[in-house]
Amino acid sequence: VRPESPTRRDRLARVGVRVVAVLLSTIVGLGLAELLVGAVRGWAFPYLNIFVADPDYGVRLEPNAVTAVRSREGRVTDIRTNARGFRGDDWSPALTGAPVPGRVLLLGDSQVFAYGVEEEDGVAARLEAALGAGAEVLDAATPTWGPPEYARVAAELAPVYRPEVVVFVANVANDWLEAHIPNVRRTTARDGWASYRRPDVPVEPDSAVHRWLFGRSHLVYAVRALLSGVSGDPPAGAVSARRLLSNLTNMTKRDGAYRTRLTRHVAAVRDACASLGCRVVVAVLPLDLQVDAGEWAKYRDTPEDLGALDVLARDLLADAADLGVPGVDLRPVLVRASPGAFLPDDYHLAPRGHAAVAAALATLVAAPAAGAPAP
2 VRPESPTRRD RLARVGVRVV AVLLSTIVGL GLAELLVGAV RGWAFPYLNI FVADPDYGVR
62 LEPNAVTAVR SREGRVTDIR TNARGFRGDD WSPALTGAPV PGRVLLLGDS QVFAYGVEEE
122 DGVAARLEAA LGAGAEVLDA ATPTWGPPEY ARVAAELAPV YRPEVVVFVA NVANDWLEAH
182 IPNVRRTTAR DGWASYRRPD VPVEPDSAVH RWLFGRSHLV YAVRALLSGV SGDPPAGAVS
242 ARRLLSNLTN MTKRDGAYRT RLTRHVAAVR DACASLGCRV VVAVLPLDLQ VDAGEWAKYR
302 DTPEDLGALD VLARDLLADA ADLGVPGVDL RPVLVRASPG AFLPDDYHLA PRGHAAVAAA
362 LATLVAAPAA GAPAP
């Protein structure tokens with residue numbers, strides 16, 4: 002008896018089963034590969050991957066996000082954001098129109114954000130501990146931001162959270178270069194990564210699937226890094242220092258009535274606080290290379306005299322004094338904290354540096370307010 006030939010429906014069913022089996026095997030294989038690559042990398046990425054595009058700030062950080070960043074030497078740092086997209090716990094709005102006693106608002110970029118160190122080792126946590134019982138430090142610093150964003154976010158947050166003191170931290174590494182260029186003209190976000198903003202290219206929203214694949218998948222990132230030749234080699238040359246030196250003549254030109262281009266942003270923060278009852282203080286954070294000659298080694302570069310850059314801090318602090326804003330140059334305290342004030346594979350502050358900065362800021366914040374001239 003001849004067996005019956007399979008019907009077309011039977012053949013399609015068998016093909017369907019095989020296709021489903023292949024798809025399931027592929028999904029399981031990719032899932033296992035994702036787990037393996039993620040585990041090998043410590044579930045961390047080499048860069049912060051929780052940026053979202055913002056029409057006013059260029060980028061913000063995704064609210065209520067959790068991620069981890071891995072340094073070139075393999076150090077993994079956990080990062081979490083609150084409901085406002087800033088690092089740390091959620092903040093409580095002020096209950097009255099008066100400044101909240103002991104509340105401090107920090108303004109800055111990735112240095113004040115404490116990029117590359119754990120939250121409890123950053124300047125915000127260290128400053129809160131140094132100020133003692135009743136102190137509360139709100140870290141409103143965001144990587145990629147510059148002085149225009151510091152002033153803008155102070156005007157946005159101060160009326161809601163009513164800090165007693167606002168700390169404006171000026172970073173010599175890039176703030177003088179960014180003082181006249183708002184971040185919205187420099188930076189946007191794609192799939193969670195901060196990327197260069199091209200004015201001629203519109204910012205398009207990312208889909209959830211695309212954002213996960215290209216922003217959160219360790220496997221996809223590893224493949225893209227392999228194909229593009231991305232490596233974790235240390236930088237060859239102190240690019241930031243040389244860029245500052247080459248632009249120093251332009252950066253030291255007077256800005257109207259002010260000695261330096263950053264002062265207008267400090268003045269804007271002071272003016273925002275004038276009607277709110279908060280005080281403003283300013284701190285200048287130097288380059289790692291201005292602090293310790295040993296830092297040149299991590300850039301594989303020859304030490305060079307950076308004394309010409311001292312004028313940046315000097316002019317800003319002089320302008321701040323004219324505005325009635327107390328200030329501090331953080332270089333001396335970081336010199337005393339060196340070696341070890343900066344990360345060994347990055348220009349950001351190390352825990353030791355954050356502790357030194359926090360101690361200096363605590364002294365500045367706790368000092369009695371001096372009479373300030375009218376805006």
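Throughout the sequence shown, residue numbering follows my numbering, covering 2 to 376 in sequence.
All C-beta atoms in this analysis are idealised placements derived from N, C-alpha and C, irrespective of residue type, glycine included.
{"Asked": "Between G281 and P327, what straight-line distance do the alpha-carbon atoms span, to the nearest angstrom?", "Found": "Reading off the sequence shown, one finds Val at residue 281, where the question assumed Gly. Rounded to whole angstroms, V281 to P327 spans 7 angstroms at the Cα level."}
{"Asked": "Rounded to the nearest angstrom, what separates S218 and L33 at their Cα positions?", "Found": "12 angstroms"}
{"Asked": "Under 8 angstroms by Cβ, that's how I've got L178 and L263 pegged, so tell me the actual separation to the nearest angstrom.", "Found": "Actually they do not touch by this definition, with Cβ atoms about 11 angstroms apart."}
{"Asked": "Using the rule of at least 16 other Cβ atoms within 10 Å of the residue's Cβ for burial, across every protein chain shown, is D90 buried or exposed?", "Found": "exposed"}
{"Asked": "How big is the Cα-Cα spacing for L132 and E121?", "Found": "15 angstroms"}
{"Asked": "How would you label K299, buried or exposed, when you count the other beta carbons within 10 angstroms and need 16 or more for buried?", "Found": "buried"}
{"Asked": "Give the straight-line distance between the Cα atoms of V154 and V16, rounded to the nearest whole angstrom.", "Found": "59 angstroms"}
{"Asked": "So what does DSSP say about W92, is it helix, strand or coil?", "Found": "coil"}
{"Asked": "State buried or exposed for A322, treating a residue as buried only when at least 16 other CB atoms are found within 10 Å of its CB.", "Found": "exposed"}
{"Asked": "Once DSSP output is grouped into helix, strand and coil, what is the label at F215?", "Found": "helix"}
{"Asked": "Using the Cβ count rule (16 or more neighbours within 10 Å means buried), how would you classify T189?", "Found": "buried"}
{"Asked": "May I ask you to report which of helix, strand or coil DSSP gives E74?", "Found": "coil"}
{"Asked": "Are the stretch 285 to 297 and the stretch 336 to 343 touching, with three or more C-beta to C-beta distances below 8 angstroms?", "Found": "yes"}
{"Asked": "If you draw a straight line from the alpha carbon of P160 to that of V283, how long is it in whole angstroms?", "Found": "20 angstroms"}
{"Asked": "Just grab the DSSP bridge partners of A69 for me.", "Found": "D79"}
{"Asked": "Let me make sure I understand the geometry here. Which of V202, V60, V105 has the alpha-carbon closest to that of T145?", "Found": "V60"}
{"Asked": "What residue ranges within the stretch 129 to 205 form continuous beta strand (DSSP E) runs of no fewer than 3 residues, ordered along the chain?", "Found": "137 to 140, 166 to 172, 188 to 191, 194 to 197"}
{"Asked": "For V173 versus L313, is the C-beta distance shorter than 8 angstroms?", "Found": "yes"}
{"Asked": "In three-state terms, what does DSSP make of D55?", "Found": "strand"}
{"Asked": "Return the CA-CA distance between G75 and D347, expressed in angstroms with no decimal places.", "Found": "12 angstroms"}
{"Asked": "When you compare the stretch 90 to 103 with the stretch 133 to 142, are there three or more beta-carbon pairs, one atom per stretch, that lie closer than 8 angstroms?", "Found": "yes"}
{"Asked": "Rank A209, A273, L310 by C-alpha distance to the C-alpha of S241 and give the top, closest one.", "Found": "L310"}
{"Asked": "What did DSSP end up calling G30 once you bin it into helix, strand or coil?", "Found": "helix"}
{"Asked": "Go through its chain and collect everything with a Cβ distance to H355's Cβ below 7 angstroms, but skip five positions before and after it.", "Found": "A115, V118, D122, G123, V124, R127"}
{"Asked": "Helix, strand or coil: which one does DSSP assign to Y222?", "Found": "helix"}
{"Asked": "Ends of the alpha helix (DSSP H) at R301?", "Found": "Here R301 belongs to no alpha helix (DSSP H), and DSSP marks it neither H nor E."}
{"Asked": "What are the start and end residues of the alpha helix (DSSP H) that includes R42?", "Found": "No alpha helix (DSSP H) contains R42, which DSSP labels as neither H nor E."}
{"Asked": "Under 7 angstroms Cβ to Cβ from D265, same chain only, skipping five residues before and after it: list those, please.", "Found": "In the sequence as presented, Asp is not what sits at residue 265; that position holds Arg. Correct list, in chain order: D256, Y259."}
{"Asked": "Can you give, in chain order, each stretch of the alpha helix (DSSP H) that sits fully within the stretch 269 to 336 and has at least 4 residues?", "Found": "289 to 292, 311 to 323"}
{"Asked": "Verify whether the separation of the beta carbon atoms of A367 and L335 is less than 8 angstroms.", "Found": "no"}
{"Asked": "Does P206 pass the burial test, meaning 16 or more other C-beta atoms within 10 Å, or should it be called exposed?", "Found": "exposed"}
{"Asked": "Can you tell me which of V170, Y48, L106, L288 puts its alpha carbon nearest to the alpha carbon of R244?", "Found": "L288"}
{"Asked": "At which residues does the alpha helix (DSSP H) containing L350 begin and terminate?", "Found": "Careful: L350 lies outside any alpha helix (DSSP H) and carries neither H nor E."}
{"Asked": "How is V60 classed by DSSP in three states: helix, strand or coil?", "Found": "strand"}
{"Asked": "Run through the DSSP bridge pairs and tell me what Y259 is partnered with.", "Found": "D256"}
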